[in-house]
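One structure is given here, and the rest of the page talks about it.
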Amino acid sequence: MAGKTKASKTDGASADAEATAHETSAATKQSAEKKGASKAKQDGAGQAKQAASAQTENRFVQELSDLDDYSRWYLDVVYKADLADLSPVRGCMVIKPYGYALWEHMQRAIDERIKATGHENLYFPLFIPYSFLMREAEHVEGFAPEVAMVTRAGGEELEEPLVVRPTSETIIGHMYAQWVQSYRDLPLLYNQWANVVRWEKRTRPFLRTTEFLWQEGHTVHRNEEEAEAETLLILDKVYADFVEREMALPVIRGRKSESEKFAGALRTYSIEAMMGDGKALQAGTSHNLGQNFARSFDISFQDADGQVKLAWTTSWGVSTRLIGALIMGHGDASGLRMPPRLAPIQAVIVPIWRKDDEREAVAALVSEVEQSLRAAGVRVRADWREERPGFKFNDWELRGVPVRIEIGPRDAANGQVTLVPRTDRTAKETIATAGVTARVQALLESIQTMLYEQALAFLKSRTYQASDYEEFKALMADRARLGFVEAWWCGDATCEAEIKAETQATIRNMPLDQPTGKHGACVHCGRPGAAWAVFAKAY
RNA sequence: CGGGGUGUAGCGCAGUUGGUUAGCGCGCAUGCUUUGGGAGCAUGAGGUCGCCGGUUCGAGUCCGGCCACCCCGACCA
Numbered sequence: 000m001a002g003k004t005k006a007s008k009t010d011g012a013s014a015d016a017e018a019t020a021h022e023t024s025a026a027t028k029q030s031a032e033k034k035g036a037s038k039a040k041q042d043g044a045g046q047a048k049q050a051a052s053a054q055t056e057n058r059f060v061q062e063l064s065d066l067d068d069y070s071r072w073y074l075d076v077v078y079k080a081d082l083a084d085l086s087p088v089r090g091c092m093v094i095k096p097y098g099y100a101l102w103e104h105m106q107r108a109i110d111e112r113i114k115a116t117g118h119e120n121l122y123f124p125l126f127i128p129y130s131f132l133m134r135e136a137e138h139v140e141g142f143a144p145e146v147a148m149v150t151r152a153g154g155e156e157l158e159e160p161l162v163v164r165p166t167s168e169t170i171i172g173h174m175y176a177q178w179v180q181s182y183r184d185l186p187l188l189y190n191q192w193a194n195v196v197r198w199e200k201r202t203r204p205f206l207r208t209t210e211f212l213w214q215e216g217h218t219v220h221r222n223e224e225e226a227e228a229e230t231l232l233i234l235d236k237v238y239a240d241f242v243e244r245e246m247a248l249p250v251i252r253g254r255k256s257e258s259e260k261f262a263g264a265l266r267t268y269s270i271e272a273m274m275g276d277g278k279a280l281q282a283g284t285s286h287n288l289g290q291n292f293a294r295s296f297d298i299s300f301q302d303a304d305g306q307v308k309l310a311w312t313t314s315w316g317v318s319t320r321l322i323g324a325l326i327m328g329h330g331d332a333s334g335l336r337m338p339p340r341l342a343p344i345q346a347v348i349v350p351i352w353r354k355d356d357e358r359e360a361v362a363a364l365v366s367e368v369e370q371s372l373r374a375a376g377v378r379v380r381a382d383w384r385e386e387r388p389g390f391k392f393n394d395w396e397l398r399g400v401p402v403r404i405e406i407g408p409r410d411a412a413n414g415q416v417t418l419v420p421r422t423d424r425t426a427k428e429t430i431a432t433a434g435v436t437a438r439v440q441a442l443l444e445s446i447q448t449m450l451y452e453q454a455l456a457f458l459k460s461r462t463y464q465a466s467d468y469e470e471f472k473a474l475m476a477d478r479a480r481l482g483f484v485e486a487w488w489c490g491d492a493t494c495e496a497e498i499k500a501e502t503q504a505t506i507r508n509m510p511l512d513q514p515t516g517k518h519g520a521c522v523h524c525g526r527p528g529a530a531w532a533v534f535a536k537a538y
């Protein structure tokens with residue numbers, strides 16, 4: 000396939016895909032096209048460059064581990080799986096129905112856990128008086144650069160500018176100060192689902208956008224122990240539990256270093272997940288704010304002993320960034336792979352027919368299976384679009400639907416259907432119609448488990464322990480092996496900064512379960528290790 | 001904010017030293033044939049060539065200014 004021009008390259012690609020229908024998947028081919036185009040564009044190169052990229056199409060699958068290609072693969076999946084679209088406002092995105100349905104399922108599962116741990120939902124305003132942001136010194140320093148402000152409204156300059164919330168600690172602190180009087184008012188356990196705006200220099204759909212959706216929990220406690228327990232409870236029983244059980248992604252629970260903690264927090268904890276290219280993604284954070292915000296906003300109470308005391312507060316959040324984690328944590332060469340528990344569509348029925356009478360028989364069976372599945376609570380859709388079956392197979396694989404149900408003339412004649420799991424398209428099975436619902440439910444369970452196990456195996460295979468700095472640097476420089484490196488760290492911020500400057504790796508967190516026994520030497524400076532830390536390049 | 005690149009149909013692109021009516025592929029619409037791994041043929045719709053100004057008989061093409069977007073880096077609570 001000597002593609003000399005874009006046109007013939009495209010033709011060559013599709014002809015090739017038909018000839019070899021094994022690993023040359025949809026996403027691969029589409030990505031390859033896009034990649035070829037952008038490469039040629041970037042280099043402003045001529046025909047030699049284009050011919051070269053045409054030749055690499057077949058092995059693009061393996062190049063997914065390449066960082067540059069990975070980011071292109073990610074964008075392809077986001078747009079081609081119809082999760083989101085670009086917006087006319089730079090850095091903002093439109094979340095499309097398929098992506099929003101995914102978010103709704105995430106919300107439901109997270110909200111259940113938030114409520115199960117004793118919290119209630121409420122809602123605070125989008126606008127915050129500018130002066131509020133200024134109250135907590137560290138907080139203002141952290142957020143000021145990326146705050147959007149309203150200075151004009153109602154046809155005139157505002158007396159005091161309003162900031163569009165980048166997070167709500169300040170306005171919530173202001174209100175809590177009025178709501179908390181006695182130790183009997185505590186703890187205050189509230190959460191809100193909201194949008195926030197942070198003016199980022201560089202954005203990527205779901206991972207970092209100017210506006211994003213999230214939940215932010217804000218609680219007030221009587222003492223440090225209670226606040227700390229709350230912070231860790233949320234991290235483990237809400238966030239880690241959700242990401243591991245619903246999203247099927249293993250995470251590392253740990254504490255952030257001083258330089259990585261939330262602006263204004265006493266301590267920040269995070270869960271960190273590994274993406275398909277070995278980079279880390281912070282999937283959720285939980286902060287023990289100490290008495291910092293209580294002091295700035297005067298959240299105090301009279302305790303049982305009659306003394307007026309400053310309260311302890313916490314805040315914690317997860318966002319639509321989790322969608323990015325899901326994509327990069329499970330996606331493969333064919334596109335997205337939705338964990339069944341969150342999949343907007345858990346099973347898709349693809350009808351196949353030639354003649355009208357065949358269509359009738361197939362339609363009857365499709366309808367029967369569809370109703371049976373729906374009655375059993377399975378989120379199912381029959382795809383009657385006027386496309387050919389092969390197109391639909393690829394399309395739904397790209398969108399990550401866990402189970403495909405093929406129903407054709409052969410099936411109709413035999414009273415059976417054909418099932419294909421997204422995790423292995425060669426594992427086709429036929430089953431009598433009577434058993435379909437039970438079998439689909441079992442398949443969904445096993446796919447959920449399989450996705451977790453695959454992600455866990457990948458995490459383990461890409462987690463290393465570096466005993467010396469040379470080994471550390473080598474690991475961080477090797478794209479094929481890139482992952483998490485566990486090592487001792489002296490606790491010095493200077494040392495941390497040097498590692499970052501030299502390797503681009505940051506301390507993701509210091510795992511909650513620290514090794515027992517004696518500490519080793521800091522991987523960078525050799526001084527006594529203060530903490531066992533996970534280092535990685537991160538999104 | 002620094003470095004690099006690109007703006008021509010919804011998307012991806014071509015357009016020679018300036019020269020008639022600006023093309024190609026995908027997608028889209030209509031029809032027929034198809035349908036168990038990304039269909040074929042036919043017909044058709046779709047453009048103030050990013051914006052403003054200049055040079056010229058004539059500008060997608062040359063010159064100047066502006067704007068937007070993309071990539072790499074810095075930043076990212």
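Sequential numbering from 0 applies to the first sequence in numbering that gives the first Met the number 0.
Backbone N, C-alpha and C fix where the C-beta goes; we use that ideal spot for every residue, glycine too.
Skipping 5 residues on each side, what residues in its chain have a beta carbon closer than 7 Å to that of residue 40? Legend: pLDDT at residue 40 = 30, less than 50; position of this residue unreliable, value from coordinates given subsequently. Taken in chain order, the list of residues that qualify is empty.
Considering only the alpha carbon of each residue, which of 205, 123 and 132 lies closest to residue 98? 205
What's the C-alpha gap between residue 179 and residue 491? 38 Å
Is residue 367 close to the ligand NAP? I mean its beta-carbon at under 7 Å from any heavy atom of the ligand. In the structure on display, the ligand NAP does not appear, and there are no ligands present to speak of.
Segment contact, 8 Å Cβ cut-off, at least three pairs: the segment 130 to 139 with the segment 286 to 301: yes
Quick one: grab the DSSP three-state call for residue 28. Any reading at residue 28 is ruled out, since the residue's pLDDT is 33, under 50, leaving its predicted position unreliable.
Classify residue 122 as buried or exposed, calling it buried when 16 or more other Cβ atoms lie within 10 Å of its own Cβ. exposed
Test item: CB-CB of residue 439 and residue 377 under 8 Å: yes
Is it buried or exposed, residue 313, if we count other Cβ atoms within 10 angstroms and call 16 or more buried? buried
What ranges does the alpha helix (DSSP H) occupy inside the segment 480 to 526, keeping only unbroken runs of at least 4 residues that lie completely in it? 492 to 502
Stretch-stretch touch, CB-based, cutoff 8 Å, three pairs: the segment 263 to 273 with the segment 242 to 251: yes
Since residue 128 contacts residue 142 with CB under 8 Å, what's their CB separation in whole angstroms? No, residue 128 and residue 142 are not in contact; Cβ-Cβ is about 14 Å, not under 8 Å.
For residue 343, which of 448, 400 and 359 has the nearest alpha-carbon? 400
Kindly indicate which residue of 197, 436, 146 and 117 has the alpha-carbon position closest to the one of residue 373. 436
If I'm right that residue 454 touches residue 248 with Cβ under 8 Å, what's the distance once you round it to whole angstroms? 5 Å
Anyone know if the C-beta pair for residue 418 and residue 430 falls short of 8 Å? yes
Just how far apart, CA to CA, sit residue 527 and residue 509? 16 Å
Over what stretch of residues does the beta strand (DSSP E) that includes residue 84 continue unbroken? 83 to 85
Own chain partners of residue 131 with C-beta closer than 7 Å, once the 5 adjacent residues on each side are dropped: 169, 170 and 173
Does residue 186 come out as helix, strand or coil in the three-state DSSP assignment? coil
Can you give me the Cβ contacts of residue 477 inside the same chain, cut-off strictly under 8 Å, excluding the 5 residues immediately before and after it? none
Rounded C-alpha distance that separates residue 281 from residue 537: 8 Å
With the cut-off set at 8 Å, would you say residue 443 and residue 370 are in Cβ contact? no
How about the segment 465 to 481 and the segment 212 to 221: do they share at least three Cβ pairs that are nearer than 8 Å? no
Which residues mark the beginning and the end of the beta strand (DSSP E) in which residue 113 is found? Premise fails: residue 113 lies in the alpha helix (DSSP H), 96 to 115, not in any beta strand (DSSP E).
When you compare the CB positions of residue 214 and residue 191, do they come within less than 8 Å of one another, or not? yes
Under the three-state DSSP convention, the category residue 118 falls into: coil
Buried versus exposed, by CB contacts within 10 Å (16 or more), residue 63: Because the pLDDT at residue 63 is just 29, under 50, the model does not fix this residue reliably, and the point stays unresolved.
By DSSP, does residue 544 sit in helix, in strand, or in coil? The requested residue 544 does not occur in the structure, where the chain is confined to residues 0 to 538.
Return the bridge partner residues of residue 370 from the DSSP annotation. According to DSSP, residue 370 bridges with nothing at all.
What's the call for residue 495, buried or exposed, on a 16-neighbour Cβ count within 10 Å? buried
Backbone CA spacing between residue 317 and residue 216 [nearest angstrom]: 9 Å
Integer Cβ distance of residue 482 from residue 277, believed to fall under 8 Å: 4 Å
Taking the continuous beta strand (DSSP E) assigned at residue 159, which residues delimit it? 155 to 163
Simplified DSSP state of residue 529, which is helix, strand or coil: coil
With the cut-off set at 8 Å, would you say residue 264 and residue 287 are in Cβ contact? yes
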